[in-house]
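> Everything in the sequence shown is counted per the numbering used here, starting at 251 for the first residue and increasing by one.
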Amino acid sequence: MKSGVKKAMGYIRYSVAGSFILAAWGLGLTGVSNASGTYSAGAASTPEAVVYREECGACHVAYPAGLLPVESWSTIMTSLDDHFGENAEVSAESAAMITAYLTDNAGKPGRGMLKRMKGDAPLRITELPYFVRKHDEVPERMVSGNEKVGSFSNCNACHERAESGEFDEDTVRIPGYERWSD
Ligand code: HEC
Ligand code: HEC
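(1) Go ahead and pull the three-state DSSP assignment for VAL300.
(2) Which residue comes first and which comes last in the alpha helix (DSSP H) that contains TRP323?
(3) Pick out whichever of PHE417, LEU373, ALA350, SER394 has its Cα sitting closest to the Cα of THR384.
(4) Looking at the structure shown, is VAL393 part of a helix, part of a strand, or coil, going by DSSP?
(5) Since PRO425 contacts VAL399 with CB under 8 Å, what's their CB separation in whole angstroms?
(6) Should ALA315 be counted as a contact of ligand 2 given a C-beta to heavy atom distance under 7 Å?
(7) The alpha helix (DSSP H) spanning GLU410 covers which residue range?
(8) State yes or no: is the C-beta of SER344 within less than 8 Å of the C-beta of VAL301?
(9) List the residues that DSSP assigns as beta-bridge partners of VAL382.
(10) Could you check where the alpha helix (DSSP H) with ALA338 kicks off and where it finishes?
(11) For GLY357, which residues from the same chain have a beta carbon less than 8 Å from its beta carbon, with the 5 sequence-adjacent residues on both sides left out?
(12) Under the rule that 16 or more other beta-carbon atoms within 10 Å means buried, what is TRP275, buried or exposed?
(13) Return the chain-ordered list of same chain residues with a C-beta closer than 6 Å to the C-beta of THR349, the five sequence neighbours on each side being excluded.
(14) Do ASN404 and HIS310 count as a contact pair if the criterion is CB distance below 8 Å?
(15) Only counting the same chain, and skipping five residues up and downstream in sequence, which positions put a Cβ closer than 7 Å to that of ARG429?
(16) Bridge partners of THR376, per DSSP?
(17) Enumerate in chain order the residues of its own chain whose CB-to-CB distance from GLU305 is below 7 Å, with the five nearest sequence positions on each side excluded.
(18) Can you find the residues in the same chain that come closer than 7 Å, C-beta to C-beta, to SER322, ignoring five residues on each side of it along the sequence?
(19) Got a sec: does ligand 2 put a non-hydrogen atom nearer than 7 Å to the Cβ of GLU397?
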């Protein structure tokens, strides 16, 4: 009886330790994927996020807010009548919601995609030094020369889960080419 209890205690201790190890391992994995290519798109289901995806996902993927700093988003949101050669104006009500969403979830200078950012905040993600560095091995023929891609602004052509902020190197798939490996 006594040894049975001991045995049970031993088992409990063992399984508690085991789940700590599993939990730590799980955290470790999430940590790794955060470091390599996961960016905040914020909570997906707030009214602000829904309006953002509807309005700003109409012509291109709704870029995760964490890919640009607040300054860039503010400039974009106050010049929608001349948006990269298009008119992307929205109602005042939508603009206020979208600006709130982007400001709340914007990237922090010096971190993630905004590493090595110097001087003025660019209007394009594709002009950020970290972006340029991460893509400098991708040849033109796979981008502008690829009718299924067209330009680097089309994140979701190569990163299937771009809208949810997942850009991990392991999940890149360039249309018309074998799985990417560098
Ligand atoms: C009428 C179509 C249209 C709508 C609506 C639109 N955009 Fe754009 N957007 C464009 C075009 C065109 C480009 C340039 C793409 C290119 O160079 O290939 C662009 C580029 C961008 C870029 C830069 C991407 C890069 O190259 O790094 C950002 C950021 C952006 N848009 C944000 C927004 C936001 C925020 C909204 C919603 C308020 C929005 N867009 C709505 C057409 C649109
Ligand atoms: C033509 C295909 C293509 C397009 C379009 C593209 N990417 Fe990439 N991206 C790649 C490839 C390939 C890599 C992996 C590069 C390497 O091996 O270092 C990559 C890597 C990345 C990484 C680094 C991931 C990591 O694990 O560290 C990020 C972040 C990223 N891309 C974001 C973007 C964003 C944001 C856009 C759109 C504005 C975009 N990409 C558009 C092909 C593309």
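All C-beta atoms, glycine included, are put in the ideal place defined by N, C-alpha and C. Every value quoted in this text rests on a predicted model; they were computed, and no experiment measured them.
For this structure:
(1) When secondary structure is reduced to three states using DSSP, VAL300 falls in the helix class.
(2) Run containing TRP323: 320-327, per the alpha helix (DSSP H) assignment.
(3) In the sequence on display, residue 384 carries Lys and not Thr. Minimum Cα distance to LYS384 is reached at PHE417.
(4) In this structure, VAL393 counts as coil in the three-state DSSP scheme.
(5) About 6 Å separates the two Cβ atoms, so the contact holds.
(6) Answer for ALA315: no, Cβ out of range of ligand 2.
(7) Per DSSP, GLU410 lies in no alpha helix (DSSP H) and is assigned neither H nor E.
(8) Yes, they are a contact pair.
(9) In the DSSP output, where bridge partners are listed per residue, VAL382 has none listed.
(10) Here ALA338 belongs to no alpha helix (DSSP H), and DSSP marks it neither H nor E.
(11) Within the same chain, GLY357 has close Cβ partners TYR289, SER290, ALA315, GLY316, LEU317, LEU318, PRO319, MET363, LEU364.
(12) Confidence is the limiting factor: at TRP275 the pLDDT is only 40, short of 50, which leaves the residue's position unreliable, though a coordinate-based value still follows. The residue is exposed, with fewer than 16 neighbouring Cβ atoms inside 10 Å.
(13) Around THR349, the same chain offers MET327 as residues with beta carbons nearer than 6 Å, after the five sequence neighbours per side are excluded.
(14) Going by C-beta atoms, HIS310 is nearer than 8 Å to ASN404.
(15) When the five nearest sequence neighbours on each side are left out, the beta carbons in the same chain lying within less than 7 Å of the beta carbon of ARG429 are those of ARG423, in order along the chain.
(16) Looking at the DSSP assignment, THR376 forms no beta bridge with any residue, so it has no partner.
(17) The answer, listed in chain order, is VAL340, SER344, ILE348.
(18) Within the same chain, SER322 has close Cβ partners ALA371, PRO372, LEU373.
(19) Judged by the Cβ position, GLU397 fails to qualify as a neighbour of ligand 2 at the 7 Å threshold, every heavy atom of the ligand being at least this far.
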